[in-house]
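Peer 1: Right, I'll just put the structure down here and ask away after.
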Amino acid sequence: MALPCSPLQALGLCLAQGLAALWALATIAVQVLRRLFQGQGPVGQRLSPLVTDFGFQRQVWAVLRVGLPNFRVGRILVRAYDNNGTALVCRNRDVREVLDRHQDFEVVYGPRMEEITGGANFFLGMQDGPTYSRDVTNMRQAIRRSDPQELLVPLATAWAEAIVRDGQGQIDLPRQLGAQIPARIVQEYFGLRGPRREELIEWTTLLFWYLFVDLAASPELRPKALAAAVQLQEALDQEISERKICLARGGAKPADDVLQRCLEMQAIGTPGMDDLGIRNYLIGFVIGAIPTLSAAATQIVDELLNRPEQLAQAQAAARDGKPGEFEGYVFEALRYQPLNPVLYRRAVRDSTIARGTWRAMTIPAGTMVLASNYSAMFDPMQVEHADRFWPGRPWHDYIFWGYGMHTCAGAYINSALLPVMLRPLFCRPHLRRSPGAKGQIDRGTTPFPTHLALCFDAE
Ligand code: HEM
55 MALPCSPLQA LGLCLAQGLA ALWALATIAV QVLRRLFQGQ GPVGQRLSPL
105 VTDFGFQRQV WAVLRVGLPN FRVGRILVRA YDNNGTALVC RNRDVREVLD
155 RHQDFEVVYG PRMEEITGGA NFFLGMQDGP TYSRDVTNMR QAIRRSDPQE
205 LLVPLATAWA EAIVRDGQGQ IDLPRQLGAQ IPARIVQEYF GLRGPRREEL
255 IEWTTLLFWY LFVDLAASPE LRPKALAAAV QLQEALDQEI SERKICLARG
305 GAKPADDVLQ RCLEMQAIGT PGMDDLGIRN YLIGFVIGAI PTLSAAATQI
355 VDELLNRPEQ LAQAQAAARD GKPGEFEGYV FEALRYQPLN PVLYRRAVRD
405 STIARGTWRA MTIPAGTMVL ASNYSAMFDP MQVEHADRFW PGRPWHDYIF
455 WGYGMHTCAG AYINSALLPV MLRPLFCRPH LRRSPGAKGQ IDRGTTPFPT
505 HLALCFDAE
């Protein structure tokens with residue numbers, strides 16, 4: 055972490071930040087004007103591509119970090135979960151503070167989690183307490199810390215290599231690789247073997263969207279998500295009952311997967327591990343695994359394709375770099391296009407953040423706080439060389455998997471799998487976008503990348 059160590063350095067950093075913000079403001083104005091004068095259709099439609107443009111977002115954060123780092127508006131922006139207004143927080147320290155103070159800023163996902171499970175909450179929707187601790191502890195036993203390296207990396211390495219080889223010089227990245235590998239992990243490691251991979255991808259995409267991305271509470275999405283939830287529940291019920299019948303009949307030795315470990319914990323009377331509990335745990339993990347890894351893998355590649363020099367270095371590192379070198383490119387690219395640019399929490403009580411600084415703000419109870427981890431990762435007050443693409447930067451600079459109590463339970467899996475999923479592709483010579491629109495990320499009707507066609511020289 056690079057903090058200025060003398061008042062003079064601090065002043066220098068503030069000045070540099072101010073100049074960068076002015077430059078960002080000018081860039082924003084140019085982009086907005088260009089869209090307004092060159093685009094077609096209503097103003098909103100002309101400007102909307104900017105909202106999802108990562109480069110544009112970075113410019114906006116750079117201006118806000120300097121001019122308006124913490125502010126509140128009376129308007130409700132998140133309609134999916136109860137709240138009475140919105141606060142935006144974008145300095146690194148303040149984002150970490152909000153996410154750390156889980157007693158004051160609560161997770162909100164409980165109501166939709168309960169709709170999806172058909173009753174019970176899942177731990178990302180829970181506040182701190184005995185049930186949360188029990189559930190996290192249970193799943194840490196079922197999903198062991200050593201599993202990513204010992205079980206998942208060998209599997210994903212072989213699958214990714216086969217997918218890229220079979221592509222013979224072409225691949226639609228999210229569809230053929232990004233979503234396929236986590237879907238196979240759900241089948242073979244988590245143990246949900248019944249549904250086809252395409253079904254798992256479709257259900258989890260709808261459910262993740264409904265839980266975390268549907269901020270406007272779309273009436274069209276809800277029935278589709280709830281139908282997917284029922285299908286996922288039924289598939290898990292069936293899997294659990296088949297395993298138990300097989301076990302009772304003394305069938306073949308079961309596979310060592312997460313579901314089987316949960317059933318073994320049930321057999322010794324572990325609290326929380328009844329059939330419904332196991333189903334709910336797996337619902338939460340399966341939803342967390344597929345669209346996330348797929349989108350992150352696609353966005354990493356997209357970012358590197360935008361940077362020819364770094365793409366060439368990443369390819370060299372993938373082929374014969376030192377241990378950890380290729381990983382440095384993967385995660386630095388993800389900093390530029392993270393999966394969740396903003397995490398949100400609701401103020402439980404009136405709470406002051408950044409106390410003792412000029413940007414201190416009291417957030418009234420009921421306010422939805424949008425804490426931008428994306429902005430935090432580019433905050434030069436805490437992040438060294440924040441605006442430089444720096445592979446291998448200190449890991450502490452990254453806030454990809456959340457922060458504090460609800461930090462991603464798949465964090466070790468993500469860190470191990472993303473490089474492994476992508477390495478075979480980067481080892482192929484002349485990796486490039488397919489010509490035309492096909493070679494750009496297409497999100498279809500979803501918020502996630504669904505297509506990105508690439509070419510490479512087949513070996
Ligand atoms: C690149 C892929 C992934 C990204 C970027 C990601 C990101 C995140 C983030 C930001 C959070 C915190 C949300 C918040 O605080 O509001 C989170 C939580 C969580 N994630 Fe992930 N995730 C990924 C993959 C996975 C995978 C593969 C799994 C399952 C194997 C998973 C399971 C979970 C669970 C269970 C939680 C809740 C943890 C808790 O409440 O204690 N995620 N994830």
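Mapping of the sequence shown onto this note's numbering: residues 55 to 513, in sequence order. All C-beta atoms in this analysis are idealised placements derived from N, C-alpha and C, irrespective of residue type, glycine included. Since we're looking at a predicted model, the values are computed, not measured.
One question on the structure: do Trp449 and Ala465 come within less than 7 Å of each other, judged by their Cβ atoms?
Peer 2: No, the pair does not count as a contact, with Cβ atoms beyond the cut-off.
Peer 1: Less than 7 Å separating the beta-carbons of Ala366 and Glu379?
Peer 2: Taking 7 Å as the Cβ cut-off, Ala366 and Glu379 do not qualify as a contacting pair.
Peer 1: Using a Cβ-Cβ cut-off of 6 Å (strictly less than) and excluding sequence neighbours within five positions of Ile354, which residues of its own chain qualify?
Peer 2: Excluding positions up to five away in sequence, the list reads Val384, Ala387, Leu388.
Peer 1: If Ala340 sits next to Thr259, beta carbons under 8 Å apart, how far is it from one beta carbon to the other, in whole angstroms?
Peer 2: The sequence shown places Val at residue 340, not Ala. 12 Å between Cβ atoms; not a contact.
Peer 1: Which ranges would you report for the alpha helix (DSSP H) in the stretch 329-411 if only whole runs of at least 4 residues count?
Peer 2: Fully enclosed alpha helix (DSSP H) runs of 4 or longer: 329-359, 362-374, 379-390.
Peer 1: Could you spell out where the beta strand (DSSP E) holding Met415 opens and where it closes?
Peer 2: That run of the beta strand (DSSP E) goes 415-417.
Peer 1: Residues in its own chain within less than 7 Å of Val152 by CB, not counting five upstream and five downstream?
Peer 2: Excluding residues within five positions, the ones whose Cβ falls inside 7 Å are Val143, Phe159, Arg399, Ile407, Val423, Ala425.
Peer 1: Just to confirm, is the Cβ distance from Gly128 to Gly121 under 7 Å?
Peer 2: In this structure, Gly121 does not lie closer than 7 Å to Gly128 by Cβ.
Peer 1: Compute the minimum distance between the beta carbon of Gly338 and the heavy atoms of the ligand HEM, and state whether it is under 6 Å.
Peer 2: Under cutoff, so the answer is yes.
Peer 1: For Leu246, tell me which candidate among Val267, Asp291, Ala214, Leu205 has the shortest Cα-Cα distance.
Peer 2: Ranking Val267, Asp291, Ala214, Leu205 by Cα distance to Leu246 puts Asp291 first.
Peer 1: What span of residues does the beta strand (DSSP E) with Ile225 cover, start to end?
Peer 2: Start and end: 224-226.
Peer 1: Counting only beta-carbon separations shorter than 7 Å, does Gln92 have a partner in chain B?
Peer 2: Included in the structure is just one protein chain, with no chain B present.
Peer 1: Distance, Cα to Cα, Gln195 vs Gly326?
Peer 2: Gln195 and Gly326: Cα-Cα distance of roughly 13 Å.
Peer 1: State yes or no: is the C-beta of Gly179 within less than 7 Å of the C-beta of Gly164?
Peer 2: Yes, the pair counts as a contact, with Cβ atoms nearer than the cut-off.
Peer 1: Can you tell me the Cβ-Cβ gap for Ala283 and Leu261, rounded? I've got them flagged as a contact below 8 Å.
Peer 2: So it is a contact: roughly 6 Å between Cβ atoms.
Peer 1: Which word fits Glu296, buried or exposed, when buried means at least 16 other C-beta atoms lie within 10 angstroms of its C-beta?
Peer 2: That one is exposed.
Peer 1: Under 7 Å, do Phe177 and Val190 count as touching if we go by C-beta distance?
Peer 2: Contact: yes.
Peer 1: Skipping 5 residues on each side, what residues in its chain have a beta carbon closer than 6 Å to that of Val437?
Peer 2: Around Val437: Asp451.
Peer 1: What are the boundary residues of the beta strand (DSSP E) that includes Cys18?
Peer 2: For the chain, the structure presents residues 55 to 513; residue 18 sits outside this window and is missing.
Peer 1: Taking only the alpha-carbon atoms, compute the straight-line gap between Ala309 and Leu301 and give it to the nearest angstrom.
Peer 2: Distance between the alpha carbons of Ala309 and Leu301: 12 Å.
Peer 1: Got a sec? Which residues, its chain only, sit under 7 Å from Arg188 by beta carbon, not counting five neighbours each side?
Peer 2: Counting only Cβ-Cβ distances below 7 Å, and skipping sequence neighbours, we find Pro325, Gly326.
Peer 1: Return the chain-ordered ranges of every alpha helix (DSSP H) run that is complete within the stretch 178-251 and spans a minimum of 4 residues.
Peer 2: Counting only runs of 4 or more, we get 184-196, 207-221, 234-239.
Peer 1: Relative to the ligand HEM, is the shortest distance from any of its heavy atoms to the C-beta of Thr504 smaller than 6 Å?
Peer 2: Answer for Thr504: no, Cβ out of range of the ligand HEM.
Peer 1: Using 6 Å as the cut-off, classify the Cβ of Leu393 as near or not near the heavy atoms of the ligand HEM, replying yes or no.
Peer 2: Leu393: yes, Cβ under 6 Å from the ligand HEM.
Peer 1: What I want to know is whether the C-beta of Thr346 ends up closer than 6 Å to one or more non-hydrogen atoms of the ligand HEM.
Peer 2: Within the cutoff, so yes.
Peer 1: Would you tell me roughly how many angstroms separate the C-alpha atoms of Gly66 and Met319, rounded to the nearest one?
Peer 2: Computed Cα separation, rounded: 57 Å.
Peer 1: What do you reckon, are the CB atoms on Val117 and Ala78 nearer than 7 Å?
Peer 2: A contact, by the Cβ cut-off of 7 Å.
Peer 1: If you check the beta carbons only, do Pro228 and Thr504 fall under 7 Å apart?
Peer 2: Yes.
Peer 1: Do you know offhand how far Tyr428's Cα is from Thr346's?
Peer 2: Rounded to whole angstroms, Tyr428 to Thr346 spans 16 Å at the Cα level.
Peer 1: Tell me the rounded alpha-carbon separation between Ala512 and Arg482.
Peer 2: If I take the Cα positions, the gap works out to 7 Å.
Peer 1: Just tell me which of Ala271, Ile332, Phe266, Leu317 has its CA closest to the CA of Glu288.
Peer 2: Measuring from the Cα of Glu288, the nearest candidate turns out to be Ile332.
Peer 1: Alpha carbon to alpha carbon, how far is Arg487 from Ala343? Give it in angstroms, no decimals.
Peer 2: Answer to the nearest angstrom: the Cα atoms are 26 Å apart.
Peer 1: Taking C-alpha atoms, which residue in Ile235, Thr352, Ala141 lies nearest to Arg497?
Peer 2: Comparing Cα positions, the closest option is Thr352.
Peer 1: Whole angstroms are fine: how far does the CA of Tyr390 sit from the CA of Met55?
Peer 2: Reliability fails at Met55, whose pLDDT of 46 lies under 50, so the model's placement of it is uncertain and the value that follows must be treated cautiously. Cα to Cα, Met55 sits roughly 18 Å from Tyr390.
Peer 1: Just checking, does the stretch 263-280 make contact with the stretch 166-173 on the three C-beta pairs under 8 Å criterion?
Peer 2: They touch, by the three-pair rule.
Peer 1: Quick one: what's got a C-beta closer than 7 Å to Asp356's C-beta in the same chain, skipping five residues either side?
Peer 2: Excluding residues within five positions, the ones whose Cβ falls inside 7 Å are Gln391, Ile495, Leu506.
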